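In terms of numbering that gives the first Met the number 0, the sequence shown opens at residue 0 and continues consecutively. The beta carbon of each residue, even a glycine, is placed where N, CA and C say it ideally should be. The model shown is predicted, which means the values in this text are computed figures rather than measured ones.
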Amino acid sequence: MSDQEDTRFRLINAATQVFAEFGYHAATTREISRRANVNLAAIHYHFGDKAKLYQEIFRQPFHDENNEFAQIDELALPLEEVLKCFYRWVCPPSDDENAMIQMIRRLHAREEVDPSGILGDALTHEFRPNHDKLIRVLCREMGQPAPDIDIDRLAFSIVGMASIYFHGRCVVEELSPELLHGALIKSATVDRLAMYAAALIDCERKRRFSVQPQFCRE
Numbered sequence: 000m001s002d003q004e005d006t007r008f009r010l011i012n013a014a015t016q017v018f019a020e021f022g023y024h025a026a027t028t029r030e031i032s033r034r035a036n037v038n039l040a041a042i043h044y045h046f047g048d049k050a051k052l053y054q055e056i057f058r059q060p061f062h063d064e065n066n067e068f069a070q071i072d073e074l075a076l077p078l079e080e081v082l083k084c085f086y087r088w089v090c091p092p093s094d095d096e097n098a099m100i101q102m103i104r105r106l107h108a109r110e111e112v113d114p115s116g117i118l119g120d121a122l123t124h125e126f127r128p129n130h131d132k133l134i135r136v137l138c139r140e141m142g143q144p145a146p147d148i149d150i151d152r153l154a155f156s157i158v159g160m161a162s163i164y165f166h167g168r169c170v171v172e173e174l175s176p177e178l179l180h181g182a183l184i185k186s187a188t189v190d191r192l193a194m195y196a197a198a199l200i201d202c203e204r205k206r207r208f209s210v211q212p213q214f215c216r217e
């Protein structure tokens, strides 16, 4: 890792901590720079300003090094392998694997209850490529040239099954904490989610044989 890459890495880690603790508006670039042990001007050099640094933190899960699903040829792989790859990306690391995950969850929770107002469509823009990949797989499985409303509905259902482990993690922690800790647990969760998603896809495929085809959306 070069000096510039190291500085950027430390800034992102420090900023995640500060934003999670204080929220976007109360966080200061001075405190972020202090925790990262870098010059205050480093934020401007690497990110432009506080707002762009904040946006970059939310983009981290979509970067190639964190985004296995983005790197596969989804149409060349069997469904089960595609789904497992997708859930390995969607399901965050357990607390045992990554100490930063607690702060990232806090940051997401803060954004939901006290929106910064600066994210705009940044998350939608970053999520879209992987969403489109999932849609292409579902079209393949349904024999559809283009997605229709039921394929859209199915895609969001597949994503939604995993979202509880991130956005609703505190509920899972309270009711079934054994589901959240350890690499083996995460591997089992990924396997089960892929199995459940395959069942949903098979159910939708069978339903289509018995009803009028839906209009494709533009």
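6 Å CB neighbourhood of residue i in its chain, flanking five on each side removed
| i | result |
| --- | --- |
| Gln54 | Ala121 |
| Ile31 | Ala13, Ala14 and Val17 |
| Lys49 | Thr28 |
| Ile244 | No statement about residue 244 is possible, as the shown extent of the chain runs from 0 to 217 and does not include it. |
Identity of the residue in the options nearest residue i by Cα
| i | options | result |
| --- | --- | --- |
| Asn36 | Lys49, Phe21 and Leu10 | Leu10 |
| Ala145 | Arg33, Leu153 and Ile134 | Ile134 |
| Pro128 | Gln101, Leu183, Leu39 and Pro60 | Pro60 |
| Arg207 | Thr123, Tyr23, Val89 and Ile148 | Ile148 |
| Glu73 | Pro114, Ser162, His130 and Phe8 | His130 |
| Gly142 | Glu203, Ser162 and Arg104 | Glu203 |
| Lys185 | Ala161, Lys205 and Gly119 | Ala161 |
| Arg104 | Pro77, Phe126, Ile71 and Phe57 | Phe57 |
Residue i and residue j closer than 8 Å at C-beta
| i | j | result |
| --- | --- | --- |
| Ile200 | Leu137 | yes |
| Arg87 | Glu110 | no |
| Ala26 | Met102 | no |
| Leu179 | Val171 | yes |
Below-8 Å beta-carbon distance, residue i vs any chain C residue
| i | result |
| --- | --- |
| Glu79 | Absent from the structure is chain C; it holds one protein chain and no more. |
Contact set for residue i: own chain, Cβ-Cβ below 8 Å, skip 5 residues either direction
| i | result |
| --- | --- |
| Arg168 | Arg104 and Leu179 |
| Leu78 | Val136, Glu140, Ala197 and Ile200 |
Given 8 Å, three or more beta-carbon pairs between the stretch 37-47 and the stretch 1-15: Judged by pairs of C-beta atoms under 8 Å, the stretch 37-47 touches the stretch 1-15, as three or more such pairs exist.
Inter-stretch contact (C-beta, 8 Å, three-pair minimum) for the stretch 187-199 and the stretch 81-92: In this structure the stretch 187-199 touches the stretch 81-92; the number of beta carbon pairs closer than 8 Å is three or more.
The stretch 142-160 / the stretch 195-207 touching (three or more Cβ pairs under 8 Å): Output reads yes: the stretch 195-207 touches the stretch 142-160.
Unbroken stretches of the alpha helix (DSSP H), 4 residues or longer, contained in the stretch 68-131: Fully enclosed alpha helix (DSSP H) runs of 4 or longer: 78-89 and 100-112.
Residue ranges of each alpha helix (DSSP H) within the stretch 29-71, 4 or longer: Within the stretch 29-71, the runs of alpha helix (DSSP H) that reach at least 4 residues and sit entirely inside it are, in chain order, 40-45, 49-58 and 67-70.
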